[in-house]
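Number of protein chains: 2
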Amino acid sequence: MNTESEPILPSPVLDYLKQLHEAHASLAEGKVATYIPELAKADPDWFGICLVTANGAIYETGDSRQPFTIQSISKPFIYGLALEDNGRDLVQQKVGVEPTGDAFNSISLDPATGRPRNPMINAGAIAAAGLIAGKTPQTRLKRVMETFGLYAGRALCLDEIVCQSESETGHRNRAIGHMLRNFDVLTSDPMPTVELYFKQCSISVTCRDLGVMAATLANRGVNPVTGKQAIRGEYVESVLSVMESCGMYDYAGEWSYKVGMPAKSGVAGGIIAVLPGQLGIGVFSPPLDARGNSVRGIRVCQELSRHLDLHLFNCPSVGKFTIRLKVTAAEFNSSRVRTPAESQILRESGEGIKVYQLQGNLSFTTTEVVVRDVFETAQPVSHLVLDFKRVLSINESACRLLYEVVRKLAELGKPVLFAHADGTPLLRRYMKVKLGRRFEELFRSFEDLDPAMEWCENRLLDASLPRRLMDREPALDRYAIVIIQQLLTHRSYQRGETVIRAGDEAREIFFIKRGNVSVTVSLPSGLQRRLATFSAGMSFGEMAVVDGAPRSARVVADSDLECDLLTIEDVGRLGKTHPGIKIKFLENLCFGFCRKLRKANCQLSVLE
Amino acid sequence: MNTESEPILPSPVLDYLKQLHEAHASLAEGKVATYIPELAKADPDWFGICLVTANGAIYETGDSRQPFTIQSISKPFIYGLALEDNGRDLVQQKVGVEPTGDAFNSISLDPATGRPRNPMINAGAIAAAGLIAGKTPQTRLKRVMETFGLYAGRALCLDEIVCQSESETGHRNRAIGHMLRNFDVLTSDPMPTVELYFKQCSISVTCRDLGVMAATLANRGVNPVTGKQAIRGEYVESVLSVMESCGMYDYAGEWSYKVGMPAKSGVAGGIIAVLPGQLGIGVFSPPLDARGNSVRGIRVCQELSRHLDLHLFNCPSVGKFTIRLKVTAAEFNSSRVRTPAESQILRESGEGIKVYQLQGNLSFTTTEVVVRDVFETAQPVSHLVLDFKRVLSINESACRLLYEVVRKLAELGKPVLFAHADGTPLLRRYMKVKLGRRFEELFRSFEDLDPAMEWCENRLLDASLPRRLMDREPALDRYAIVIIQQLLTHRSYQRGETVIRAGDEAREIFFIKRGNVSVTVSLPSGLQRRLATFSAGMSFGEMAVVDGAPRSARVVADSDLECDLLTIEDVGRLGKTHPGIKIKFLENLCFGFCRKLRKANCQLSVLE
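Just so you know, the protein sequences line up as chains H and V, in that order. Going letter by letter, the first sequence gives residues 1 to 608 in my numbering. Going letter by letter, the second sequence gives residues 1 to 608 in my numbering.
Now the structure itself:
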């Protein structure tokens, strides 16, 4: 909603589609289909363009809301439904997948088996319609309408007049139906199936609908506008394959060469084109060329492909940026605050803990990059952490590669940790099946990178004896300790108790005698994010005391906690009573800040 | 090199290829080609598999180094060379792009024009060979051999015996040559062209070569192993298109359905398959099926496609992660250190400066995501920064969208800044052409995000008057200033002079009276990275003084510089002579550290 005075900027994508529309609106070639009277009534000037991205952005111009009948564009969607109902093997027994190179109205049955050559010609489409599950013609039609509604993202209805017209003039299709029955491709009375075919062709759609339907195929079967699944992802490749090789009849080769997107046209003037993973296009303009394809539709798709570089085979390499970040514990650590001695161990030996932050879609190619990097540099690695926070999807071949990583590193006694793997449940299922009884032991899954890092760091520190190295922090002398101890107030907290609330006025510095605390902030999502964990011998709460700002985060006792508190007033008073001790105290504070600042700067340089 | 005791881990990808090889080695179907005696000598047990990623990783197993003749697999590469020499239009006049659905040895000329239907059948391949530029047969052959060498990444040679055999038995191909001459598809004596065709078919390759050649097509024409361009990227889509629709003859539809990768087979038993942007596959096994395709080759490609999810149309959505990071100057700033007052302005009004850190390949689809986000939220934006540091490639349609962003925001008086755009020279060229005289003014290109941010911040601060808000830093009282001033030593530096060297012992704190300094570190690349810039009224060098560590970075005078220096010894002495002043001084130090720490923590939380 634009409530400000500044105008909303029109999208350059929409601008471009409008120019394209304008440039082709005057194109006068082609003839409106006349084989049924209803189609002949179409206005040859109708012309709509709609582009929908696989992320759900819709750009439409011209007569993009003008209803017309879907006609042959129904074929790939019906084929997809037949695949879902019967599986690939059975469907292939009934309908082939070879292009015929023939015209759109050719019958093209295999002379020996009677199997239609492919599902994009009428015979194959009728055979596919015959494979749709349902006890009665009504239930079958209902399923068809529901499925098409999922693709379009709205309930669609039949154009009854066109449907009747189709039925009255559909002698050729009835002949096909009987031929298919003759060859047992259809196994019962073929007429209800032919009628279903007439109906599927008479579904009323708009150019916008076609764009969304195409984008649903581009988005692996999930309508990108509604988020609903219209077809199982595994069958999308088969639907697009037959569109690619047979969708444009005897123009398929040239279309593939010049446009390079699986497509399907309809005799009412619609065309859909799909760029898998990226976008769908719907164009509508009734005048057709001699091959039965919309003249403006073809021209617009060619221009779109050329101008927007949409050709399927015109794609740069993937995989180069699956690894978003690669760090080790020598340069990047968990938020658990370490003693100077521990920090030194991590700095010196932390390169054995290796973190890969992955991103995007994990497939064979993108995951191979990660696995290769891991294996080529596996020798100094003692712990491998794979952070899935920014992984969008994973497929089975990627799971297999990662399983092999877990298995092979386990053989060398090197643990593999996964952070944020909950977003990709396939990985967990795959690992569970493959790892069997060793699943709990070997599939180490952490909610976040931070606890995964901490787990690795703790293991490294436990293995690094002696832990106690010389700390370089300037120590307070005994007299100073006695003086300061007199000022301290003891306080105990139970596990889970809040020690500091965000927004509180800052009044004290806390010295931990026993137990741990964690500093957390609430994220907009409602989740808590841990900023730091402090343990015995450390202090917290200094910053707010120094700059007087209210407490910026919450501090909670992770365990039963014993603290000594030093108030801001006592610190102030110390300057008057024991200035030398106050100087030591402030020097200590400065030293602590420097350590934290150096660590923060180091982590920043790693992340930038 | 493995010099440690631990074994190098074998890659799971190679393990998998070995299993695949083992599973199909015993497959006894098919017959070795016998139409020329030399081919009949092939061992039917020869069997190699090679997979090469578009990033240049090579996995090979079995007889992957066994030489054999390339045969029909030469056709797509020759077609590509013909396209480079003549352009698409001229080539299409001579050779069509429609599949025939016919068998591999069909002649398939268009009955009217004599134009071969496509370049994957012999007639079309001979026509394509006739289009290769060169004055003499020798120069043409030389170019062919050089081009194939670029694809394979090594010099290839002819198998002279096979070549002679081909020539002796090639009557059918001579007949085709004369037919093509008859239709003026070939315009001079056809025999040298037919001989060139025999030679191209007799090029000796290995399965590994085929894998690399296929990967070169997958990598937009750049050999991923050598980095050399074998064919201009713009023609790769056309080569792959004809492979997709015609590469497997009358098996094309089923191949496309089951394997889903553009492919080409040869009668010596080779097959290549290309998954654009991802990988190439080479398989070699001489026994052929009735269609002339390697039996094991087809089976291996089907299995690879199924197991590794390589089907062309089985791809998840792209574009969702083009925006790596989106921040504003309210939460993330340049390394120029600001006064507390300036920092406050940036915190409060910085959300107008919007930074998009982009990544990956910028195409229409991936860039649309960015443009949409910019335009939907453009209203509060005063400055837009696009950081290209992690952009791998850009194409023209992405340039067009970004140009529109620059143009439209310029109309509203909002500058658009580009950081790291030097890695994508196409963008600069595109902008130069489109922006014309306004190029210098509107295409604001910065080496790095940091100076781009600083430029925006400076503009925002300059516009935000009054600049001087109350600073909350605890001031030193007049007496303290007098005392400390007595301890200071004045020092001047010229512009460009080094003030502090990394590794130096830390002896002083610097107070800037006039001028600016920058703190920089040397990156492994040899470039300097700026960590901070300080200006008059600020101090630097405190940290090393506090913790006694050697200087960690270099400090250089950005301008002529006047500084006051306070030595570590004087600070120490101050505690004895004027403890109250030392306390104030340390409190000031603490306060400054807190500010820096808060800023660092804020930036860290944004980046993580």
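All C-beta atoms in this analysis are idealised placements derived from N, C-alpha and C, irrespective of residue type, glycine included.
Sorted by chain position, which residues of the same chain lie with C-beta nearer than 6 Å to residue i's C-beta, five sequence neighbours on each side aside?
i: H:A609; result: Outside the displayed range of chain H (1 to 608) lies residue 609 of chain H, so it cannot be described from this structure.
i: H:A273; result: M261, A263, I281 and C301
i: H:C207; result: G48, C50, S64, G282 and F284
i: V:P116; result: V95, L109, A123, G124 and A127
i: H:P76; result: V239, M243 and K264
i: V:M543; result: none
Per DSSP, what are the beta-bridge partners of residue i in this structure?
i: V:H490; result: V:D564
i: V:D387; result: V:Q357 and V:A419
i: H:Q164; result: Paired residue(s): none; H:Q164 is not in a bridge.
i: V:A263; result: V:A273
i: V:G62; result: V:G48
i: H:C602; result: Paired residues: none, contrary to the question.
Would you mind stating whether residue i and residue j have Cβ atoms separated by less than 8 Å?
i: V:N293; j: V:M243; result: no
i: V:L27; j: V:R220; result: no
i: V:V369; j: V:I323; result: yes
i: V:N314; j: H:E237; result: yes
i: V:C163; j: V:S202; result: yes
i: V:T498; j: V:V406; result: no
i: V:G153; j: V:N223; result: yes
Taking only beta-carbon positions, decide if residue i is within less than 8 Å of chain V.
i: H:V355; result: no
i: H:I583; result: yes
i: H:P276; result: yes
i: H:P415; result: no
i: H:S335; result: no
i: H:N86; result: no
i: H:Y79; result: no
i: H:L469; result: Legend: pLDDT at H:L469 = 43, less than 50; position of this residue unreliable, value from coordinates given subsequently. It does not: the Cβ of H:L469 has no partner Cβ on chain V nearer than 8 Å.
i: H:H24; result: no
i: H:S492; result: no
Which of the three DSSP states is assigned to residue i in this structure?
i: H:C50; result: strand
i: V:I36; result: coil
i: V:R372; result: helix
i: V:S445; result: strand
i: H:E234; result: helix
i: V:S294; result: strand
i: V:V95; result: coil
i: H:P116; result: strand
Output yes if chain H places a C-beta closer than 8 Å to the C-beta of residue i; else output no.
i: V:H383; result: no
i: V:N395; result: yes
i: V:G124; result: no
i: V:Q19; result: no
i: V:L589; result: yes
i: V:N611; result: The requested residue 611 of chain V does not occur in the structure, where chain V is confined to residues 1 to 608.
i: V:E237; result: yes
i: V:G292; result: no
i: V:V185; result: no
i: V:R507; result: no
i: V:A152; result: no
i: V:P425; result: no
Spatial neighbours of residue i within its chain, please: CB distance less than 8 Å, with the 5 preceding and 5 following residues excluded, ordered by chain position.
i: V:R467; result: Because V:R467 carries a pLDDT of 47, less than 50, the predicted location of this residue cannot be relied on, and no value is offered for it.
i: H:D45; result: A25
i: V:Y35; result: T169 and V267
I want to see whether chain B comes within less than 8 Å of residue i, judged by CB atoms only; does it?
i: H:G114; result: The chain inventory of the structure shown lacks chain B, comprising the protein chains H and V.
Leaving out five residues before and five after residue i in sequence, what residues of the same chain have Cβ atoms less than 7 Å from its Cβ?
i: H:G233; result: R220 and G221
i: H:P12; result: none
i: H:A82; result: V91, A128, L131 and I132
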